[in-house]
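Report on one structure; see the data block that follows.
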Amino acid sequence: MLAFKKISAKKLSKSLRFFLLISCFLSILVACQEKNEPTAQGDFNVTEYSGETLRIVAGSENKELEPIIKAYANKNKVNITMDYLGSLDIMRLLQSGELDYDAVWPASSIWLNMGDQHHLLKHTATTSITPVVFGIKQSLAEELGFVDKDVYIADIIEAIKADKLNFAMTSATQSNSGASAYLGFLTAIAKSQGGFTLEDLNDEANQSQIKDLLSGVNRSSGSSNWLVDLFLQADYDAMVNYETLIIQTNQELLKQKREPLYIVYPVDGLALSDSPLAYVDHNQDKIEDMFLDFQEYLLSEEAQLQIEATGKRSRTGSVAEKNRSVFNKDWGIDVDKQISSIRWPSAEVIQEALNLYQTQFKKPALTAYVLDYSGSMEGEGNKQMTEAMAQVLLPENAKANLLQGTQQDISLVIPFSDMVDAATVAKGNGQELVDLNQYVQDYVVGGDTAMYEGIIAALDTMVSDYGQDLEDYSPAIVILTDGQPNGAKTFKDLSQRYQQAQVDIPMFSILFGEAEEGKMKEIADLTKARVFDGRKDLINAFKQVKGYN
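Numbered per mature numbering (1 follows the signal peptide of the UniProt record, and there is no 0), the sequence shown spans residues -30 to -1, 1 to 519.
Here is the structure:
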């Protein structure tokens, strides 16, 4: 544990006014990680008509279908709302048996099969097909010899070990694209025709290979769509994502006059997303009829052609002649070539694979939490923050949300008020995290808001103490403040220090209280990160941000 030191900052008075954010919190359940009921207004809404509303919880990859859904709703004068949630979260929602939605629409059937333990679902149907693939810069794909040939997972591992390939990928425990790719990797490594087994997972040679493969991940994410945004902001060589999102990325890259990605389909580890839409049976005949009409339309030739135009293949995996130009052959796509998915292992094996991903196989996380202990946090604000930190630090809570770390993880807490304390460090995924959580709970609130000083201190600590080994970790700085920074340092100081450091460390901000979104977004844009809204549910915001490293 590092010694404490103080950094003086400009002292200015700060409003003691503090708005209560929420009156109750989600209890931590394995079965229910995030939202378990629809928002008053969904993330997508058509609600101007009289009558019932069809409420859907869907994976974010369905956002591209909003124009199709809106046109259907307006033509038929029906109300439809959609909330977006990760496919694994939809699984946990189903496992809880407490979901106040009429339909679920995750990216893959495996999460329905694992989640529907209460037998709530009926009328399940595939709406589209898209494989999970590697998108690699065209020039690099040519250099690696991956163009116009069958590529195996062993070829990809060889390129990573030779320091020729790194890639961005979503977390296997937070997003379907990452999970599907990871299960595909394991299938290929195990050389299993019938789905890999627990014995395969425990095989030391297999474990060594999956660690080698995942060592190539240079940026992680909790969202497939956000991974595209990240890729377009930066200059990464490759990413693992849905074929449809690689297509959309290439379309934007060409607009920016940048090099497109060549799509590689690992022949021995290819996973397909089948986008199943299923009805949640609440014994409501009118809603069920609404669902069946909507589903029938999505499966119709008219809608299937529109879905294909977004870069998704039809529900049978084919592509109509009129949409073939979307699937550009120059990008390595051959819509006439038969593609087949890996055979999924049992639910028990998938669950163990996800646990091992978090605790043994993925790159260890290096996370600095920069926490506001200024005077305005006293009372309810501090209570919410410490409860949220307990969810990500205490091992039993983290495990419930598939956010537990490896034995090599490093977690730092840097408190700030009108002064900044040096980092308090916990290594691994055991008792030191428990001790770090106690430190967070016991720290005394009071003073002003030297936020930029706190962030710069976190950056300096990471660079000075871990800079030489930074590539061995998935680093991130997580910032929480409830008000306006009023220390001596400014965003300009932070920007200059970040540019000087020449590192790729994302700084994720959590909006809270009266925190100014514009200032938080500046930090996120500078470091190719994002802002999470903790004003309604701070615990959930902390869980989400932890899924990004």
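All C-beta atoms, glycine included, are put in the ideal place defined by N, C-alpha and C.
None of the values given here were measured: they were computed from a predicted structure.
query                                                                                                      : result
Any chain B beta carbon closer than 8 Å to Phe261                                                          : The structure shown contains no chain B; it is built from a single protein chain.
Pick from Val289, Ala43, Val296, Val415 that is closest to Gly345, judged by C-alpha positions             : Val415
C-alpha distance - Glu366 paired with Ala338, whole-angstrom precision                                     : 20 Å
Asn211 and Ser194 closer than 8 Å at C-beta                                                                : yes
Cβ neighbour criterion (16 or more within 10 Å) applied to Ser270                                          : exposed
Nearest-angstrom Cβ-Cβ length linking Pro246 and Ser79, presumed shorter than 8 Å                          : 5 Å
Short Cβ contact (8 Å threshold) for Val340 with Ile217                                                    : no
Distance between Glu113 and Gly56 (C-alpha atoms, nearest Å)                                               : 35 Å
Exposure label - Asn220; buried when at least 16 CB within 10 Å                                            : buried
Buried or exposed by the 16-neighbour rule on C-beta atoms within 10 Å, applied to Asp59                   : buried
Bridge partner(s) assigned by DSSP for Met490                                                              : DSSP output for Met490 lists no bridge partner at all.
In DSSP terms, what residue 530 is bridged to                                                              : This structure does not reach residue 530, given that the chain is present from -30 up to 519, and the question cannot be answered.
Distance CB(Ser150)-CB(Ala241) smaller than 8 Å                                                            : yes
Residue burial classification, Lys(-26) (beta-carbon count within 10 angstroms, cutoff 16)                 : At Lys(-26) the pLDDT is 38, less than 50, meaning the model places this residue with poor confidence; the figure from the coordinates comes in the next sentence. Exposed, by the Cβ-count rule.
Cβ-Cβ distance between Lys369 and Thr100 below 8 Å                                                         : no
Asn371 to Lys513 span [Cα, whole Å]                                                                        : 8 Å
Boundaries of the alpha helix (DSSP H) in which Tyr267 is found, first to last residue                     : 255 to 268
Pair within 8 Å by beta-carbon distance, Asp412 and Ser387                                                 : no
Length of the line joining the Cα atoms of Tyr71 and Asn15                                                 : 14 Å
For Ser20 and Phe201, the rounded distance between their alpha carbons                                     : 42 Å
Distance between beta carbons of Gln203 and Lys489, contact taken as under 8 Å                             : So it is not a contact: roughly 19 Å between Cβ atoms.
Beta-carbon spacing of Asn146, Trp81 below 8 Å                                                             : yes
For Phe461, three-class secondary structure by DSSP                                                        : helix
Nearest-angstrom beta carbon gap, Gly239 and Thr157 [assumed within contact, 8 Å]                          : 5 Å
Residues bridged to Ala335 (per DSSP)                                                                      : Ser444
Proximity below 8 Å, CB of Tyr249 to CB of Glu258                                                          : yes
Within 8 Å, strictly: CB atoms of residue 526 and Val296                                                   : The question about residue 526 has no answer, for the chain in this structure spans -30 to 519.
Straight-line gap, Met421 to Gly457 (C-alpha atoms, nearest Å)                                             : 7 Å
Buried versus exposed call for Ala511 [16 or more other C-beta atoms within 10 Å across all chains shown]  : buried
Contact under 8 Å by Cβ, Thr140 with Leu197                                                                : yes
Best match in Ala446, Phe264, Ala392, Arg467 for proximity to Phe478 [C-alpha to C-alpha]                  : Ala446
Bridge-paired residues (DSSP) for Ser79                                                                    : Its beta-bridge partners do not exist; DSSP assigns none.
For Val415, the first and last residue of its enclosing alpha helix (DSSP H)                               : Per DSSP, Val415 belongs to no alpha helix (DSSP H) and is neither H nor E.
Stretch-stretch touch, CB-based, cutoff 8 Å, three pairs: the region 375 to 392 with the region 309 to 317 : no
Own chain, CB closer than 8 Å to Lys459, minus 5 neighbours either side, in chain order                    : Ala(-22), Ala420, Tyr422, Glu423, Ile426
Ile312 - DSSP class collapsed to helix/strand/coil                                                         : coil
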